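In terms of this note's numbering, the sequence shown is residues 0 to 685.
Note that the Cβ used here is the ideal one computed from N, Cα and C, for glycine as well.
Computed from a predicted structure; not experimentally measured.
Quick notes on the structure that follows.
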Amino acid sequence: MLGGHLLHGGDYNPEQWLDCPEILEEDIRLMKEAGVNCVTLGVFSWAVLEPEEGVYDFDWLEEIIDNLGDAGIQVILATPSGAMPHWMTQKYPEVMQVRADGRRNLPGKRHNFCYTSPVMQEKTRAVDEALSRRFGRKENVILWHLSNELAGNFGDGACHCSLCQSAFREWLKEKYGTLDALNHAWWGRFWSHVYTDWEQIHSPAPHGETTVTGLELDWRRFVTDQISDFCGMERRAVAKHSDLPATTNFMDTFKNIDYNRLQKELDVVSWDNYPFWHKEKDEVPVAVQSAFNHSMMRAMKKKPFLLMESAPSVINWRNNNPVKRPGMHMLSSMQAVAHGSDSVQYFQWRKGRGSYEKFHGAVLDHKNRSDTRTFREVAEVGKRLPGLEKILDGTVNRPEAAVIFDWANWWAVEDTTGPRLDLDYPKYVMEHYRAFWEQGIEADIVDMDADLSGYRLVSAPLNYMYKAGWPEKVRAFVESGGTFVTTFFSGMADETDLCFTGQHPLEDVLGIVQEEIDAPSQEFENQFAYNGTEYPARRMCEIDHAKEGTEVLSSYERDFYAGCPVVTHNTFGKGAAYYLAAESDTEFLRAFYRDVFGSTGLKNALGTELPYGVTVTKRTCADPALADGAAEKTGYGDVVFVMNFRNEPVCVDGIGKWTDAENGAVCEGKLELEAFQCAVLVEQDK
């Protein structure tokens, strides 16, 4: 565990209160009362750290860090590039982003800078190195926090200035080598879009090119590389005088950066989680989305991540912002830990008095009191986490299933024109993941570059794009005994959005031949039967044919393609592949995956059927070679989290014999859970 503890705390902005020393003194006392053991400093403090160009004032920051250290509170120290000081934009207006329409932004918001700008890189590198020199070996500084929510808060994070256009062309030259290769990859002869000079190429623009998906894909990849390179530059700058690890905070399924690329610049993955709890009375869809994101962050490095930000109660940027109901703060915090987080951190410690986030939730609100419901619930988390450190230290989640979520595939699915223009790739992948969550089957969320060898089951919904090597990887996975699930509109195009010709790249594995794709309106929905129950086939209905030897589990019942397969199963080598030719509903996916889990031998950690709204995760010894000795070392073996996301009590039956890891109570046969409760269990004989 980083710093030797499960971290509990969050963003602390003392620079907003430097004229109120009594507030700063009170902060530390109240942090101790809330069980805070770590805070993040300096995220948006550039204007205070460097009030004039080249003039640094770090004394106030050192005093804060020292006072926190005296109180036993550790520090995650941020670099300040998330928001530029006005002296920079005044003297160097060229650092500000240019929008896709060619207009240069005015000063404002955050991340309003060009990642290619030599000036921005120079000024960022200078302040980062200065911070590293001053604080890089401070005893209570444990982690570098590089910038903040990269590319967030201003458009899509991309800059379209002349520097970026030149850099993009150089990026394309390196990738393709020749214009002939680029023109082929982008299918340039269509509409006479053949480039004869590199200078003719421009980034996608609303008043320019928007119809070449290959260009759009490469631009998005370039932007990800530019942002990742900027982050890497910051990583090297803080490493000048410090050997501390570094992170930056991600933003769930943020479309504009491929986080699987960006994470390669980091030592630790962290992210900011702001679920829309209480949007509806049924909390399950939101719980599924949150679990999906936790699982994706964990899977990037196959080790614990950090929950860098979450709301102690309310946020301020949705149309309506409900407060967390009693018990939800503890449950949502424990959900992060259950899925592999070694921290519960908040934005923010104290509400500011003015500007954009003055009504964003905080541990301390404007009343500056510790007898509020929010403070008490935060303090309860702060009291609970230390009791879990011994049994969780050195543990990870090790799922035997994976769900594919790939940024390049996302871009391609939603940028391509046809057969539907309203496809929501993350939503559809999460609908499949929900079937895993509901049955307590943990899954890593990985992209097509992942190693599949450790999984029994891999599901790749809406896998439109096949990256180079992906068909071979899937074929080897299934042939060696794995089970692969995929759906309609999969295997259609390569990495530059050129459609495959001839047969499907995995036709032999899937055992189907694609012919047409119907995108029916609601009045033309089809249907099919699966295990004797009728389900809808809607929105996307692929018209396929089963190859000889392929088992047809369901067929369309209406329209001219009645009798064509909807659900198929094909044995290939030692494994099997399932193909879902139509979009259906949650009930079908629940029934379908229950059968798949049964055929692959996948069970949840309790080995029982779970009530609706309850899910299970397991953290186990990180080193498989040491797993058998984990119980001897810590007194415990696997640690199982049972979470109830219903606002009512529920009973889980058929669970065997377990011990509550926190109070020692023994439960056998059934487990009673209160509303919004998370129980932490170990096997009774451990």
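Alpha carbon of residue i to alpha carbon of residue j, nearest angstrom
| i | j | result |
| --- | --- | --- |
| Thr-39 | Leu-23 | 15 Å |
| Trp-657 | Asn-643 | 17 Å |
| Ile-314 | Ser-331 | 15 Å |
| Thr-252 | Asn-292 | 7 Å |
| Ala-630 | Gly-636 | At Ala-630, the pLDDT of 46 sits below 50, so the modelled position is not reliable; the number obtained from the coordinates is stated separately. Near 4 Å, if we compare the C-alpha coordinates of Gly-636 and Ala-630. |
| His-7 | Asp-69 | 17 Å |
| Phe-499 | Leu-171 | 23 Å |
| Arg-349 | Val-336 | 24 Å |
| Val-679 | Ser-458 | 29 Å |
| Thr-209 | Gly-187 | 13 Å |
| Asp-364 | Tyr-465 | 50 Å |
| His-128 | Met-299 | What sits at residue 128 in the sequence shown is Glu, not His. Between Glu-128 and Met-299, the C-alpha separation is close to 28 Å. |
| Val-566 | Leu-579 | 5 Å |
| Cys-113 | Asp-257 | 18 Å |
| Arg-474 | Leu-214 | 30 Å |
| Met-30 | Phe-527 | 58 Å |
| Asp-392 | Gln-288 | 26 Å |
| Val-445 | Asn-36 | 32 Å |
| Leu-67 | Leu-48 | 18 Å |
| Glu-32 | Gly-3 | 20 Å |
| Ser-80 | Asp-224 | 18 Å |
Residue burial classification, residue i (beta-carbon count within 10 angstroms, cutoff 16)
| i | result |
| --- | --- |
| Trp-218 | buried |
| Asp-448 | exposed |
| Lys-122 | buried |
| Ser-479 | exposed |
| Asp-627 | Legend: pLDDT at Asp-627 = 48, less than 50; position of this residue unreliable, value from coordinates given subsequently. Burial call: exposed. |
| Thr-532 | exposed |
| His-544 | exposed |
| Thr-247 | buried |
| Trp-270 | buried |
| Ser-191 | exposed |
| Thr-416 | exposed |
| Trp-410 | buried |
| Val-54 | exposed |
| Thr-690 | There is no way to answer for residue 690, as the model of the chain reaches only from 0 to 685. |
| Pro-203 | buried |
| Phe-587 | buried |
| Leu-60 | buried |
| Gly-71 | exposed |
| Gly-101 | exposed |
From the options, residue whose alpha carbon lies closest to that of residue i
| i | options | result |
| --- | --- | --- |
| Ile-226 | Asn-603, Leu-509, His-201 and Leu-261 | Leu-261 |
| Pro-460 | Asp-364, Val-377 and Glu-582 | Glu-582 |
| Ser-721 | Glu-533, Cys-540 and Glu-49 | A question about residue 721 goes unanswered here, because the residues of the chain that appear run from 0 up to 685. |
| His-85 | Thr-78, Gly-71, Asp-100 and His-110 | His-110 |
| Thr-195 | Arg-220, Gly-668 and Arg-168 | Arg-168 |
| His-144 | Ala-236, Lys-357 and Ser-191 | Ala-236 |
| Gly-386 | Leu-5, Leu-1 and Met-0 | Leu-5 |
| Cys-677 | Gly-326, Ile-63 and Ile-440 | Gly-326 |
| Tyr-463 | Gly-597, Asp-493, Asn-320 and Thr-532 | Asp-493 |
| Pro-20 | Ile-63, Glu-49, Met-0 and Asp-179 | Ile-63 |
| Asn-603 | Gln-89, Asn-396 and Leu-17 | Asn-396 |
| His-431 | Pro-284, Val-42, Tyr-175 and Trp-276 | Pro-284 |
| Gln-347 | Met-0, Leu-1, Leu-243 and Gln-15 | Gln-15 |
| Lys-426 | Arg-28, Lys-254 and Gln-683 | Lys-254 |
Enclosing alpha helix (DSSP H) for residue i [first to last residue]
| i | result |
| --- | --- |
| Glu-506 | 506-509 |
| Gln-344 | Premise fails: Gln-344 lies in the beta strand (DSSP E), 342-345, not in any alpha helix (DSSP H). |
| Tyr-560 | Unbroken run through Tyr-560: none, as it is neither H nor E. |
| Trp-406 | 406-414 |
| Phe-596 | 585-599 |
| Cys-666 | From DSSP, Cys-666 is part of no alpha helix (DSSP H) but of the beta strand (DSSP E) over 665-672. |
| His-85 | 85-90 |
Limits of the beta strand (DSSP E) - the one that residue i falls within
| i | result |
| --- | --- |
| Asn-569 | 564-571 |
| Trp-276 | Premise fails: Trp-276 is in no beta strand (DSSP E) and is neither H nor E. |
| Leu-552 | 550-554 |
| Tyr-465 | Tyr-465 -> no beta strand (DSSP E), and no H or E assigned at all. |
| Met-642 | 638-643 |
| Tyr-611 | Neither: Tyr-611 is in no beta strand (DSSP E) and is coded neither H nor E. |
| Asn-525 | 525-529 |
| Trp-143 | 140-144 |
| Ala-238 | Where Ala-238 is concerned, there is no enclosing beta strand (DSSP E), given that its DSSP letter is neither H nor E. |
Residue i CB to nearest heavy atom of the ligand FMN below 7 Å
| i | result |
| --- | --- |
| Ser-227 | For the ligand FMN, the structure offers nothing, since it holds no ligand at all. |
With three or more C-beta pairs closer than 8 Å as the rule, is the segment 91-102 touching the segment 129-147? no
Is there contact between the segment 435-444 and the segment 590-597, where contact requires at least three CB pairs shorter than 8 Å? Short answer: they touch.
Would you say the segment 653-670 touches the segment 614-621, given that touching needs at least three Cβ pairs under 8 Å? Verdict: no, contact absent.
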